[in-house]
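Let me begin by presenting the structure, written as structure tokens, before commenting on it.
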Amino acid sequence: MSIVERIDRDGPPTAPEVARIFTALTAEEGRVTNMKATLLQALPAFDAFSHWKDVKAAVRALVGEHGVSVYSHAISTTSGCLLCSTYFRRLLKNEGIEPDEWQPAGDDALLVDLGAVVGQAQPIGAELSGRLKARFDDAAIVNLVAYGATMLATNAFNTAIGIPLDDYLEPYRAPLAETA
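Everything in the sequence shown is counted per my numbering, starting at 201 for the first residue and increasing by one.
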């Protein structure tokens, strides 16, 4: 249960800028997620969590949408964020991947291993560093880790505030062992 109420279109009146953002999100994405509706309580916080999209685009250019999902799921699962791990679990399942049975290989394995390190906010060890440097240049590694750090911040926010799963994510919830 969230300790902070989400902003709702049908709730109490909000500031015009918040109402504008809410309407724009609904038009662009078809819904306003629980996380975004909660962040709208404080526009500086909403803005901070909205401006990581450039680094995500750089990572998407490196590893594709699938790679972003794999990496984000690994970070979110490792950090124990129910909301984020379920969100990315849904994307993987929609690709036909069963996260509980899947054995990643190649770039997917590299992204899962990096995600596990970033998800614990630990230093990248020599073995993983060597694998990263064999595949990516320094700018790419910085973008990967910077995106991972923003994903970890998102996980921390959702977990600390207690943002509940959005209704559409419930069918994708992992067994408790994966997100505990």
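Ideal Cβ positions, reconstructed from N, Cα and C, are used throughout, including at glycine. Here the structure is a predicted model, which means the values were calculated and not measured.
When you compare only the Cα positions, how much space is there between residue i and residue j?
i: P241; j: N234; result: Here the sequence assigns Gln to residue 241, which means Pro is not the residue at that position. Approximately 12 Å, taken between the alpha carbons.
i: V218; j: P244; result: 11 Å
i: A380; j: A224; result: In this predicted model, A380 has a pLDDT of only 39, less than 50, meaning its place in the structure is not dependable; the value taken from the coordinates is given anyway. Whole-angstrom Cα-Cα distance: 34 Å.
i: W290; j: H273; result: Note that residue 290 is Arg in the sequence shown here, rather than Trp. When rounded, the distance between both Cα atoms is 10 Å.
i: P364; j: S202; result: 6 Å
i: A346; j: V255; result: 7 Å
i: V342; j: W252; result: 14 Å
i: A237; j: G296; result: 30 Å
i: M351; j: A305; result: 22 Å
i: P323; j: P216; result: 43 Å
i: G264; j: A340; result: 13 Å
i: E301; j: N294; result: 15 Å
i: A334; j: T277; result: 26 Å
i: V317; j: F288; result: 18 Å
i: G230; j: G325; result: 41 Å
i: R220; j: D366; result: 22 Å
i: A257; j: P375; result: 31 Å
i: L262; j: F336; result: 9 Å
i: Y271; j: D307; result: 10 Å
Less than 8 Å between the CB atoms is what I'm expecting for residue i and residue j, so what's the real figure, rounded?
i: L283; j: N358; result: 4 Å
i: L328; j: D338; result: Incorrect: roughly 15 Å between the Cβ atoms, too far for contact.
i: G267; j: G315; result: With 8 Å as the limit, G267 and G315 do not qualify as a contact, their Cβ atoms being about 10 Å apart.
i: S279; j: G319; result: 4 Å
i: V232; j: F222; result: 6 Å
i: V259; j: L369; result: The pair is not a contact, with the Cβ atoms about 22 Å apart (cut-off 8 Å).
Output needed for residue i: all residues of its chain with C-beta closer than 6 Å, excluding positions within five of it in sequence on either side, in chain order.
i: R373; result: T286
i: E182; result: Absent from the model: residue 182. The displayed extent of the chain is 201 to 380, so no value can be given.
i: N355; result: S276, S279, C281, C284
Leaving out five residues on either side along the sequence, give the residues of the same chain with a beta carbon under 7 Å from the beta carbon of residue i.
i: R331; result: L310
i: I207; result: T214, V218, F222, A237, L240, Q241
Which residues in the same chain as residue i place their Cβ atom closer than 8 Å to its Cβ, once the five residues preceding and following it in sequence are excluded?
i: A353; result: F249
i: V204; result: T238, Q241, I361
Threshold first: 4 residues or longer. Then list the alpha helix (DSSP H) segments lying entirely within the stretch 301 to 373, N to C. 306 to 318, 326 to 335, 338 to 361
Counting only runs that start and end within the stretch 228 to 266, where is the alpha helix (DSSP H) found for 4 or more residues in a row? 234 to 239, 243 to 250
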